[in-house]
Structures are given as C-alpha cells and as structure tokens.
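Below is one structure, written out as structure tokens; the observations come after it.
Protein chains: 2
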Amino acid sequence: MYKIEFNDFFTYSFSVDCVIFGYKEGQIHALLIKRSMEPYDGHWAIPGDLVYPDEDISAAASRILSELTKIENLDLHQSETFGDPNRHPQGRVITTAYFALMRIDDFKVEASSWAGEARWVPIHKIPQLAFDHNLILSSTYKLLIQKLKNDPICFDLLPYKFTLNEMQKLYEYAYDSDMDKANFRKKIKPIPLIEHKEKQVNVKHRPAKLFSFDESEYVNMLESSEYQFKM
Amino acid sequence: MYKIEFNDFFTYSFSVDCVIFGYKEGQIHALLIKRSMEPYDGHWAIPGDLVYPDEDISAAASRILSELTKIENLDLHQSETFGDPNRHPQGRVITTAYFALMRIDDFKVEASSWAGEARWVPIHKIPQLAFDHNLILSSTYKLLIQKLKNDPICFDLLPYKFTLNEMQKLYEYAYDSDMDKANFRKKIKPIPLIEHKEKQVNVKHRPAKLFSFDESEYVNMLESSEYQFKM
DNA sequence: AAAGATATTGTACTTTTGACAATAATTAGG
DNA sequence: CCTAATTATTGTCAAAAGTACAATATCTTT
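As given, the protein sequences belong to chains A and B, one line each in that order. For the first sequence, our numbering assigns the number 3 to the initial residue and increments by one for each residue that follows. For the second sequence, our numbering assigns the number 3 to the initial residue and increments by one for each residue that follows.
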C-alpha cells in the first residue's frame, strides 16, 4: 500500500476559503482581502487559511472569516472542494470553499490579522487573485445564482426593508433578463412579506412601499403546505 | 500563528468516498463493500480510500472506485466534504464524497483489493456503516433526488431501452407521489427520445414500446433553444 | 372469440403565465 | 393651487401549461 511521507508544514494540509457575497448598485459583489504575507504577498484573495488539526471545517470557516475580516455570525454554506495537487505553490493543500451572503450596509468591513485591506468588488470586475481563487470564486458564484433561483435567499442580500422593485431588480440580475412588474408581483404573492407603513424616501416620484421577508411565517408555510419556492 | 505537527501517517490526511447509485425493483440502491481491514474490519462501507499526495481528488475517486470494485468510466460528481475531526478513529482524515449513477444490469460487480464483498442495497435498508458513511450516504442521496428532479439523469439509472412507464415509476419514486400516465407523457414531450421498433417482452398484456434517451439531440436542443429541464 | 390487462391517446376544465393597459400617488415647476 | 413628469400599483384578457378523467388500442390468456 502507498506510504505517505511528510516533510514539513506544507506537505499535506487543509484549508477553507470563504466567499462572501453582497449586493449593491445593482450588482453582486464579493469581499476580497489583500494578502500581506507569502505566498502571493500583496495579491487580492478571498479570505481563507489553514484548518487546525482538531477543528471542524465549518467551524474553521467561521473562525478564519472572523479573524481576517471581523465578520461574525454569518450563515456559511459549503460550496466546492478544490484538490488540484498544484493549486498551492508551497505544498499539497486541499481547500473547501464556503460562501455566505450579507447586507453590505450592515457591516463596515475591517481587515485585521495578516489581511491588510478589504474591499467589495463587483463580480464582473474581479482582478487576478491569489492561488486558484478566481476558479473558486466563479464556481461558487454559479452556485449562488442557482440558489437565488431556488431558495428565498435574496432577502439576505437586500436591505432589511426593501421595495418590490428592488427585489425584482435582483431577480432580473440573477436571470439576466427583464421581467414584467405586474407579473413579478403576482409571482411573489405566496411569499409572506411584512408590509411596513413607511415608504421610500428621497425619490423624485411616487414612493414605493417598504417590505420585509416574514421568515417565521415562511417556515410555517413550508410545514403546513407543500409550497416549493421557485423564481 | 498556529503550528501543526505531524505524528504519523494518520495525523492529517485526505480521502474520497464514492457513493454509487443504481436503480432496480423500483428502488434506488447504493453499492456497499465489506471492509477487510482495520479500522471497521468486517463492516459495510461505501468504497473509499486515501488520496495520494500528488493526485487530484477527482482522479483519486476514479482510481479508488476502480481498485475496490473494478468499476470504470463512471461520471463522478462531487458531493459534500466531511471534516469532523473525530470522523476517523485513527486520526484526522477529511473526506470528499463523490457520487455516480449506473445501470445495475450493465455491470457484474466484482470486489477486489481489500474489499472482500460488494452488494447493492436499497437505500432505505442501509445497515450501520463504517465511519460516518451513513451520514455521507444520506446527504448524497438527498443530492441525488434533487438532481433527478432538475437534470435528465434518470436515463443513467434506467436500462438503455426503457418503457415510458418505467421512466414514470422512477419519477414517482423521486417525488414520492403518483402521477397520471397521460399527463406524464405530455410533460416529457419536449425531451428527445429514440423510439425503438422493439417492444417489451415476457409481459402478460399489451407490451409497451421501448425508448432511449437521445442525448445528442438533447444537447442540440439546449444550444438552440432556452429549454430548461424540470420534472 | 372473449376476457383481462395495461398501453396509448383524447377531451374538457382549471390554473398559471405573459403581454399590455389603466389607474394611483408623489414630486417639481409654474 | 394646477399641471406635467415619473414611477408605483392594480386589472384584463388571451395563450400556455397542468390536471382529472374517459375512451380507445393492443397484446396475452383461456
């Protein structure tokens, strides 16, 4: 049987990389950090690091994200695992990507530890990244778009209070096609929304009503009926 | 920064596990092998083993599947990665699950190497398995059911020539609900099928026509129209 | 040739979708 | 205050897709 030999720290190890998505100005953005250590010192990258030997990988994802960006309490979902033997220049490092959604406005992103700088970058303007992070990001982005279509996660990207038009714009982005306003409203009828008394402010026209996702009612609905979300 | 130390072979390594699904007698089955070495000697398990240090993980999945079961040329898809630090009794082993579909009749399964015995087991009668393989299997099974609903993969499970009723039964299984025969046929109208001249044999009633999936025509259709598979 | 069994097709009704039009509520400028 | 401009919101109608159920067709068995 094959015998594996270890030489040093980097011979065989495991990491996680966190793709954090946000939405502003009509576009999905990803959170990038600027690396301040080798390898790829000075390159942009998605936040990631090695998993401790006795640490669960999803716990590692939360820890590493927090260490590098101060972001806490995000719901991280597993994406894909990347195992090309040459993906890391210093040895064999297999990595699992995680992703999470957040409202960009909710957090002032603050880099810490060995990440000097952090920035939200529109998904279609991602520069050359460290390691195989461009690959990781594009695979995970595809997964995000798929999830947007099949799960009510748009509300994690939109502000807490949003207009139906803002919601529609996000789906138009996901499907890359325009939708009819009246028909869109018909389609989302079954999704329980809280209707606020407030309206949009600072617009030069009739202001739209503000809504929020009624998550507890949505959970009820899933239990009591056989509703299946699909946009 | 955290310093990782290695003690022996099993301190930190990486494996793949292959979930092979088949369909017969109206039920999805998984291919299990009986282990003939420690740990979990004598237990049933899904085929899996360690990845070589310079081997791509998807290549490892193919190699290991072939070594343990003689099965070759299956289209393996990545499923989930499992990283509980205690999932392996001898050390830290993170594993990525892969899955594939096959026509049970196409292969006489033949165990080799350290797997003494192999067996197709209905998914609802899976015994206690080695490691966290029950968890891996059930997660991957959920993924399979989801894929069955959203991709034309039923044809990888059905015999090459199948009746429309056989196809319907598979979807009834996936959705766990009965369907109307006439309506089912209307629904699958857009899926290109090759109609054979042969009919079912050895049945005590009017034999059904046999069909095959017309894959090349399906690919054409995807390119030329905006058809989206959904059952 | 008739009965039994399942395959295959047809019909009518209901629901959903899609295109487009009409009405409502604000702001901005006179 | 009145009117135009602008976007929000709701309504209508026909086409398409989905659902329930019935009718007909083809084979085996007796």
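For every residue, glycine included, the Cβ atom is placed at its ideal position computed from N, Cα and C.
- Within chain A, the C-beta atoms nearer than 9 Å to that of residue 56 of chain B come from 87, 88, 94, in chain order.
- Residue contact check for residue 16 of chain B against chain A: a CB pair falls below 9 Å.
- Ranked by Cα distance from residue 26 of chain A, the options A/146, A/81, A/172 are led by A/172.
- Around the beta carbon of residue 39 of chain B, fewer than 16 other beta carbons lie within 10 angstroms, which makes this residue exposed.
- Residue 98 of chain B reaches chain A at 83, 85, 96, 98, counting residues in chain order whose Cβ is nearer than 9 Å.
- Taking a beta-carbon distance threshold of 9 Å, residue 62 of chain A counts as an interface residue toward chain B.
- In the assembly as shown, residue 18 of chain B is a buried residue. Its beta-carbon has 16 or more other beta-carbons within 10 Å.
- Excluding residues up to 5 positions away in sequence, 18, 59, 80, 83 lie with their Cβ nearer than 7 Å to the Cβ of residue 98 of chain A in the same chain.
- Contact between the segment 154–166 of chain A and the segment 124–141 of chain A is not established, with fewer than three Cβ pairs separated by less than 8 Å.
- Within the segment 183–208 of chain B, not one residue has a Cβ closer than 8 Å to any Cβ of chain A.
- What residue 80 of chain A touches in chain B, judged by beta-carbon distance under 7 Å, is 82, 83, going in chain order.
- Not flagged as an interface residue toward chain B: residue 106 of chain A, since no C-beta distance is shorter than 9 Å.
- Residue pairing for residue 62 of chain B: DSSP places it in no beta bridge.
- Secondary-structure assignment with DSSP links residue 98 of chain B through a beta bridge to B/18, B/83.
- Cβ contact annotation for residue 96 of chain B (same chain, cutoff 6 Å, sequence separation greater than five): 16, 85, in chain order.
- Not flagged as an interface residue toward chain A: residue 138 of chain B, since no C-beta distance is shorter than 9 Å.
- Distances from the CA of residue 36 of chain B to each of B/29, B/49, B/28 were compared; the closest alpha carbon is that of B/49.
- Excluding five sequence positions before and after residue 67 of chain A, the CB atoms of its chain that fall closer than 6 Å to its own CB belong to 20, 49, 73, given in chain order.
- The Cβ of residue 35 of chain A sits no closer than 9 Å to any Cβ of chain B.
- Closest option to residue 44 of chain B, judged by alpha-carbon separation, among B/224, B/202, B/119, B/161: B/119.
- The three-state reading of DSSP puts residue 135 of chain B in helix, counting H, G and I together.
- Straight through space, the alpha carbons of residue 161 of chain A and residue 105 of chain A are spaced by roughly 6 Å.
- If you check the CB distance, residue 42 of chain B and residue 14 of chain A do not come in under 9 Å.
- For residue 173 of chain B, the three-state secondary structure derived from DSSP is helix.
- For residue 33 of chain B, the enclosing beta strand (DSSP E) has its first and last residue at 29–37.
- By the 16-neighbour rule on beta-carbons within 10 angstroms, residue 30 of chain A is buried.
- When Cβ-Cβ separations below 9 Å define contact, residue 21 of chain B makes no contact with chain A.
- Annotated three-state conformation of residue 162 of chain B is coil, per DSSP.
- Close partners of residue 48 of chain A in chain B (Cβ separation under 8 Å) are lacking, with about 17 Å as the shortest Cβ gap.
- When Cβ pairs closer than 8 Å are counted between the two stretches, the segment 210–221 of chain B is seen to touch the segment 181–201 of chain B, the count reaching three or more.
- Rounded to whole angstroms, the separation of the alpha carbons of residue 136 of chain A and residue 91 of chain A is 16 Å.
- One Cα belongs to residue 124 of chain B, the other to residue 103 of chain A, and the distance between them is close to 38 Å.
- The beta carbons of residue 55 of chain A and residue 87 of chain B sit closer together than 9 Å.
- At a C-beta separation below 8 Å, residue 155 of chain B has no neighbours in chain A, since its nearest C-beta there lies roughly 16 Å away.
- Note: residue 120 of chain B is bridge-paired with B/35 in the DSSP secondary-structure output.
- Relative to residue 34 of chain A, the option among A/158, A/57, A/127, A/219 whose CA is nearest is A/127.
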